[in-house]
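Let me begin by presenting the structure, written as structure tokens, before commenting on it.
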Amino acid sequence: MASHKLFLIAFLVSLSSSMMINTCSASRHLLQQQPLPQIPNFPIPAMGLPPLPSTLPQPTLPTIPTSIPSFRMPNLPAFPSLPTNFPSIPFFTPPPSTTSSP
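The sequence shown runs 935 to 1036 under the working numbering.
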């Protein structure tokens, strides 16, 4: 059983090392190639658009009222007040002391 594990480990190591060698040789090959010629930047041809008219209609802004009308807030319901004394729950109250004081 140990020989199978050893064989599998050796196979995986050899496979990964061969893949690494292939990757390194491919990258070296790409680095040794001559660079591609640069494509010159061609000027963008001017589009035959007519010039904009100098007298464009000015947009009109809507008038904003200077005073904001008052808005009355609705009455909120009153929250009930918390009770000051809570009823005792028998399960949570401590048991009565059974020791008598001398």
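Each residue gets a CB set at the ideal place from its N, CA and C atoms; glycine is no exception.
Do you know offhand how far residue i's Cα is from residue j's?
i, j, result
"residue 989", "residue 997", "24 Å"
"residue 946", "residue 960", "21 Å"
"residue 957", "residue 972", "27 Å"
"residue 937", "residue 964", "41 Å"
"residue 943", "residue 952", "14 Å"
"residue 1014", "residue 992", "59 Å"
"residue 1016", "residue 1004", "35 Å"
"residue 1009", "residue 986", "58 Å"
"residue 941", "residue 962", "31 Å"
"residue 948", "residue 968", "33 Å"
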